[in-house]
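*Asks:*
Residue numbers (the UniProt record's numbering): 1 to 310.
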């Protein structure tokens, strides 16, 4: 494939920067570019060179196998309509150096990270931008720079339209939908963020501690599963989000037995794990509200001892 080198080669449409073209970011970049958006991936020098030369290659039973060209750079240098923040929470601070506030201006900033605390961080860092709370549900892995293996039969994004951003958020949602991403727009920030964390926290903590699949831990650690779901739900309600423990447990029981969490995969690969963003964030919020979360805290402490620095 030849590189995309000048503006005439860029598909017309929404201008999107993707910060962190890994498993999630690479997949979204490829899908949006294939659908006609102008996509710039922000990454390290080596990865950016690879993407400029070879584009993003996707391997997916759901979307098919395809390769699509993208722009790539180490730093954002031209205006965009939206920046999708797709890095791990452990790399967020360093990665944001690639997005200067003066270049970003009032563009949408859409964090597709695990956890809940990053939204306030982004609002402080980019006061002129429109920070859009968002979540994504997908299983997708970067197997090499510019190569993504998408394993789930779905990609679902939830966007929250806040502070008068409805029209611009809907435009982004329409672009994602046209690219094949199931996209929903809501207006409840806490519901979106805590709704995902209520499932993700028990999945991540249990599978990582046991180094086992979702199917294995829902059988062998059933009591802890129910307890963590209940604790996170109690914190979610205190934060103003609706939470139904039984619904979360039922969903956990319905996911593929072989599902593994990204935290578990990171731990197995010797990479930093998102314990602070996922587990400790729940414990911090519980402490603020005076809510007991002993089982969640026990798993957080166990994993912190096992993986120092997390």
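Note that CB positions come from ideal geometry on N, CA and C, so glycine has one too. Only a predicted model underlies this, so the values are computations on that prediction, with no experimental measurement involved.
In the DSSP assignment, find the unbroken alpha helix (DSSP H) run with residue 215 in it and report its ends.
*Replies:* Within the chain shown, residue 215 is the residue found at index 215, counting from 1. Per DSSP, residue 215 belongs to the alpha helix (DSSP H) from 214 to 220.
*Asks:* Can you check which of these residues, 245, 228, 243 and 219, is closest to residue 257 by C-alpha distance?
*Replies:* Indexing the chain shown from 1 puts residue 257 at position 257. Checked all of 245, 228, 243 and 219; the closest Cα to residue 257 is 219.
*Asks:* In the structure shown, what three-state DSSP assignment does residue 63 receive?
*Replies:* The residue you call residue 63 lines up with position 63 of the chain shown. Residue state, collapsed to three classes: coil.
*Asks:* Which one of 194, 260, 270 and 306 has the shortest CA to CA distance from residue 282?
*Replies:* Locating residue 282 in the chain shown gives position 282, counting from the first residue. Ranked by how close their Cα comes to the Cα of residue 282, the residues 194, 260, 270 and 306 have 194 in first place.
*Asks:* Counting along the chain, where does the beta strand (DSSP E) carrying residue 158 start and finish?
*Replies:* As a working mapping, residue 158 is identified with position 158 in the chain shown. It spans 156 to 160 - the beta strand (DSSP E) in which residue 158 sits, taken as one unbroken run.
*Asks:* Have a look at residue 298 and residue 128 and give me their C-alpha separation to the nearest angstrom.
*Replies:* As a position in the chain shown, residue 298 is number 298, starting the count at 1. As a position in the chain shown, residue 128 is number 128, starting the count at 1. If you take the alpha carbons of residue 298 and residue 128, they lie about 40 angstroms apart.
*Asks:* Closest by CA to residue 183, which one among 305, 36 and 170?
*Replies:* Locating residue 183 in the chain shown gives position 183, counting from the first residue. If we check each option's Cα against that of residue 183, 170 comes out closest.
*Asks:* Does residue 121 come out as helix, strand or coil in the three-state DSSP assignment?
*Replies:* Taking the chain shown and counting its residues from 1, the one referred to as residue 121 is at position 121. In this structure, residue 121 counts as helix in the three-state DSSP scheme.
*Asks:* Any idea which residues DSSP pairs residue 116 with across the strands?
*Replies:* The sequence position of residue 116 within the chain shown is 116, counting from 1. Answer is none; residue 116 lacks a bridge partner.
*Asks:* What are the complete beta strand (DSSP E) segments, minimum 3 residues, inside the region 74 to 149?
*Replies:* 82 to 85, 108 to 111, 134 to 137 and 140 to 144
*Asks:* Taking Cβ positions, are residue 102 and residue 15 nearer each other than 7 angstroms?
*Replies:* As a position in the chain shown, residue 102 is number 102, starting the count at 1. As a position in the chain shown, residue 15 is number 15, starting the count at 1. No. Outside cutoff.
*Asks:* So, does the region 244 to 264 touch the region 201 to 209, judging by three or more C-beta pairs under 8 angstroms?
*Replies:* Because the criterion of three Cβ pairs below 8 angstroms is met, the region 244 to 264 and the region 201 to 209 touch.
*Asks:* In or out: residue 17 buried (at least 16 other Cβ within 10 Å) or exposed?
*Replies:* Translated into the one-based positions of the chain shown, residue 17 becomes position 17. Flag for residue 17 reads buried.
*Asks:* Starting from the Cα of residue 59, find the closest Cα among 75, 148 and 309 and give me that residue.
*Replies:* Along the chain shown, one-based indexing puts residue 59 at 59. When each option's Cα is compared against that of residue 59, the closest is 148.
*Asks:* Pairs of beta-carbons, one from the region 131 to 138 and one from the region 149 to 161, closer than 8 angstroms: are there three or more?
*Replies:* yes
*Asks:* Identify every residue that forms a DSSP beta bridge with residue 16.
*Replies:* Translated into positions along the chain shown, residue 16 becomes position 16. Looking at the DSSP output, residue 16 bridges to 39 and 82.
*Asks:* Suppose contacts are defined by Cβ-Cβ distances below 7 angstroms. Is residue 115 in contact with residue 89 by that definition?
*Replies:* For the purposes of this step, residue 115 is identified with residue 115 of the chain shown, where counting begins at 1. For the purposes of this step, residue 89 is identified with residue 89 of the chain shown, where counting begins at 1. When the beta-carbon positions are compared, residue 115 and residue 89 come within less than 7 angstroms of each other.
*Asks:* Given this structure, state the Cα-to-Cα distance separating residue 78 from residue 233, to the nearest angstrom.
*Replies:* Position 78 of the chain shown, counted from the start, is the residue given in the question as residue 78. Position 233 of the chain shown, counted from the start, is the residue given in the question as residue 233. So the two alpha carbons sit approximately 42 angstroms from each other.
*Asks:* How many whole angstroms separate the CB atoms of residue 146 and residue 51, which I take to be in contact at a CB cut-off of 8 angstroms?
*Replies:* Within the chain shown, the letter at position 146 stands for residue 146. Within the chain shown, the letter at position 51 stands for residue 51. About 5 angstroms separates the two Cβ atoms, so the contact holds.
*Asks:* For the beta strand (DSSP E) that contains residue 186, what are its first and last residues?
*Replies:* Position 186 of the chain shown, counted from the first residue, corresponds to residue 186. Counting along the chain, the beta strand (DSSP E) containing residue 186 begins and ends at 182 to 186.
*Asks:* Is there contact here, the region 21 to 31 with the region 62 to 72, by at least three beta-carbon pairs under 8 angstroms?
*Replies:* yes
*Asks:* Are there 16 or more other CB atoms within 10 angstroms of the CB of residue 61, so buried, or fewer, so exposed?
*Replies:* What you label residue 61 is simply residue 61 of the chain shown in a count that begins at 1. Exposed is the label assigned to residue 61, since fewer than 16 other Cβ atoms lie within 10 Å of its Cβ.
*Asks:* What do you reckon, are the CB atoms on residue 131 and residue 123 nearer than 7 angstroms?
*Replies:* Here residue 131 refers to the residue found at position 131 when the chain shown is read from its first residue. Here residue 123 refers to the residue found at position 123 when the chain shown is read from its first residue. Yes, these two residues count as a Cβ contact at 7 angstroms.
*Asks:* Would you tell me roughly how many angstroms separate the C-alpha atoms of residue 240 and residue 192, rounded to the nearest one?
*Replies:* To locate residue 240, count along the chain shown from 1; it is residue 240. To locate residue 192, count along the chain shown from 1; it is residue 192. Their Cα atoms are separated by approximately 11 angstroms.
*Asks:* Identify every run of the alpha helix (DSSP H) within the UniProt domain "Ketopantoate reductase C-terminal" (190 to 304), keeping only runs that are complete inside it and at least 4 residues long; order them along the chain.
*Replies:* Runs found: 214 to 220, 222 to 238, 245 to 254, 262 to 268 and 281 to 289.
*Asks:* Anyone know if the C-beta pair for residue 72 and residue 107 falls short of 7 angstroms?
*Replies:* Position 72 of the chain shown, counting from 1, holds the residue named residue 72. Position 107 of the chain shown, counting from 1, holds the residue named residue 107. No. Outside cutoff.
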